[in-house]
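Here the structure comes first, spelled out in structure tokens, and everything after it is commentary.
Numbering (our numbering), first residue to last: 232 to 409.
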């Protein structure tokens, strides 16, 4: 690959991870002589990382330098834009069982739409991507006061009064040394 092509790949890399790899190869291919140690220091990586980058490029070509870290997949979406809009519309009404939408139910809908098996995680990812969140009320404490008890507490000022042995402004507990 020419120096101009390496420079173009370096400048148009989609993220810093790939940009560092293309930068290292560009520095190694330029006419000025640099050692691998010098290049590793310039791109702020270890010499082992540089050796790995060179090996990836030599064995797999330019595709070997793609960012393959988890969560950075460049795979296209399963659903196209029209299907995503249809899913968004479907999520605005209750599911067929009149319950709540779950990731499994969304995965089943996608599976029926595409005609291919879909993992439940894909359903969750589409729920999150379409900005839906878990809508579940917080659990009530088993010993919480009823509405009537709360109302009675609000109306009774004596229920909120401090005990006589601790008037306002006095310390809660006093330690007597002796």
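Backbone N, C-alpha and C fix where the C-beta goes; we use that ideal spot for every residue, glycine too. All values reported here derive from a predicted model rather than from experimental measurement.
Bounding residues of the alpha helix (DSSP H) (the contiguous stretch that carries residue i)
{"i": "residue 316", "result": "312-322"}
{"i": "residue 296", "result": "Here residue 296 belongs to no alpha helix (DSSP H), and DSSP marks it neither H nor E."}
{"i": "residue 361", "result": "No alpha helix (DSSP H) contains residue 361, which DSSP labels as neither H nor E."}
{"i": "residue 338", "result": "334-345"}
{"i": "residue 260", "result": "247-260"}
{"i": "residue 240", "result": "234-242"}
Residue i and residue j closer than 8 Å at C-beta
{"i": "residue 298", "j": "residue 248", "result": "yes"}
{"i": "residue 251", "j": "residue 276", "result": "yes"}
{"i": "residue 349", "j": "residue 334", "result": "no"}
{"i": "residue 253", "j": "residue 296", "result": "yes"}
{"i": "residue 281", "j": "residue 257", "result": "no"}
{"i": "residue 353", "j": "residue 338", "result": "yes"}
{"i": "residue 322", "j": "residue 310", "result": "no"}
Cβ-based burial, residue i [other Cβ within 10 Å; buried from 16]
{"i": "residue 274", "result": "buried"}
{"i": "residue 234", "result": "exposed"}
{"i": "residue 288", "result": "buried"}
{"i": "residue 300", "result": "exposed"}
Under the three-state DSSP convention, the category residue i falls into
{"i": "residue 268", "result": "helix"}
{"i": "residue 329", "result": "coil"}
{"i": "residue 381", "result": "helix"}
{"i": "residue 373", "result": "coil"}
{"i": "residue 368", "result": "coil"}
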